[in-house]
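Worksheet for the structure shown next.
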Amino acid sequence: MNSLKFSFIKNSVVSGITSKDSKNFHIQVLGCNNFTLQNVNVNAPGTSINTDGIHLGRCVGINILNSNIGTGDDCISLGDGSKQVTITNVTCGPGHGISVGSLGRYNAEEPVEGLQVKNCTITGTTSGLRIKTWPASPAAGVASDMHYEDIVMNNVSNPIMIDQEYCPYNKCNKQSS
Numbered sequence: 644m645n646s647l648k649f650s651f652i653k654n655s656v657v658s659g660i661t662s663k664d665s666k667n668f669h670i671q672v673l674g675c676n677n678f679t680l681q682n683v684n685v686n687a688p689g690t691s692i693n694t695d696g697i698h699l700g701r702c703v704g705i706n707i708l709n710s711n712i713g714t715g716d717d718c719i720s721l722g723d724g725s726k727q728v729t730i731t732n733v734t735c736g737p738g739h740g741i742s743v744g745s746l747g748r749y750n751a752e753e754p755v756e757g758l759q760v761k762n763c764t765i766t767g768t769t770s771g772l773r774i775k776t777w778p779a780s781p782a783a784g785v786a787s788d789m790h791y792e793d794i795v796m797n798n799v800s801n802p803i804m805i806d807q808e809y810c811p812y813n814k815c816n817k818q819s820s
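The numbering of the sequence shown is this note's numbering, which starts it at 644 and goes up by one.
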């Protein structure tokens, strides 16, 4: 259950919303096209699990601007099929940073392409910028055309992480596919 879900919306702007202490993802954006989230505030304790701030899936032309996100999971996560995503002037922390994935867990996943992250500050997180794919995955889990520019990190345990054997809770098959 997500606190707020935007599905299959085109050519829209959502501005000035706050989500606090969600029991799961705060904001999910699914199948949207030319969609902007701006001036968004997301707050949850750093110890809260599965509380992604903003999660994208199968979207094209998404902008996340001028927002503050602090959670116990990814500040922003890009699921499969996220394309042409721009993240600008976002403050992230606590949490797990800005993540691509996890990818490759399921068949028929689409690639993540065309990510731009600019002028962001990441503070007090376990990861800064992260790409995560499952081991022995049935799908390729492809991420390409990623651009990161003017990112400030403070007290970040793993500033840049590419995890090709992402295995939360150690409950996955790590054998070669």
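Beta carbons are placed, not taken as given, at the ideal position from N, Cα and C, and that holds for glycine. Owing to the predicted nature of the structure, the values given are computational and were not obtained by experimental measurement.
Less than 6 Å between C-beta atoms, sequence neighbours within five positions excluded: which residues of the same chain meet that for GLY767?
Position 124 of the sequence shown, counted from the first residue, corresponds to residue 767. Excluding residues within five positions, the ones whose Cβ falls inside 6 Å are GLY736, PRO737, ASN798.
Please state if the CB of VAL743 and the CB of THR714 are separated by a distance shorter than 8 Å.
Reading the sequence shown from its first residue, position 71 is the one you call residue 714. Reading the sequence shown from its first residue, position 100 is the one you call residue 743. Cβ atoms of THR714 and VAL743: not closer than 8 Å.
Cβ-based neighbour list, ASN801, same chain, cut-off 6 Å, excluding 5 preceding and 5 following
Along the sequence shown, one-based indexing puts residue 801 at 158. Closer than 6 Å at Cβ, skipping near neighbours: SER770.
Helix or strand or just coil, what does DSSP make of PRO754?
Locating residue 754 in the sequence shown gives position 111, counting from the first residue. Coil, per DSSP.
Am I right that ASN654 and ASN677 are in contact with their C-beta atoms under 8 Å? What's the rounded C-beta distance?
Against the sequence shown, residue 654 aligns to sequence position 11. Against the sequence shown, residue 677 aligns to sequence position 34. Sure, about 5 Å apart at Cβ, within 8 Å.
Leaving out five residues before and five after ALA783 in sequence, what residues of the same chain have Cβ atoms less than 6 Å from its Cβ?
For the purposes of this step, residue 783 is identified with residue 140 of the sequence shown, where counting begins at 1. Cβ within range, chain order: n/a, list empty.
Supposed contact pair LEU680 and VAL657 - C-beta distance, whole angstroms, cut 8 Å
As a working note, residue 657 is residue 14 in the sequence shown. As a working note, residue 680 is residue 37 in the sequence shown. VAL657 to LEU680, Cβ: 5 Å. Contact.
Leaving out the 5 sequence neighbours to the left and right, which residues in its chain are closer than 6 Å to SER787 when beta-carbon positions are compared?
The count along the sequence shown starts at 1 and reaches residue 787 at position 144. Excluding positions up to five away in sequence, the list reads GLU756.
Within its chain, find whatever has a CB closer than 6 Å to the CB of LYS663; leave out the 5 residues flanking it on each side and keep chain order.
For the purposes of this step, residue 663 is identified with residue 20 of the sequence shown, where counting begins at 1. For LYS663, where only same-chain residues beyond five positions count, the Cβ hits under 6 Å are ASN686.
For SER820, the three-state DSSP class (helix, strand or coil):
Indexing the sequence shown from 1 puts residue 820 at position 177. Unreliable positioning characterises SER820 in this predicted model, as indicated by a pLDDT of 44, which lies under 50. The coordinate reading is nonetheless provided below. SER820 falls in the coil class under three-state DSSP.
Pull up the DSSP beta-bridge partners for ASN676, would you.
Taking the sequence shown and counting its residues from 1, one reaches residue 676 at position 33. Answer by DSSP bridge pairing, in chain order: LYS653, VAL703.
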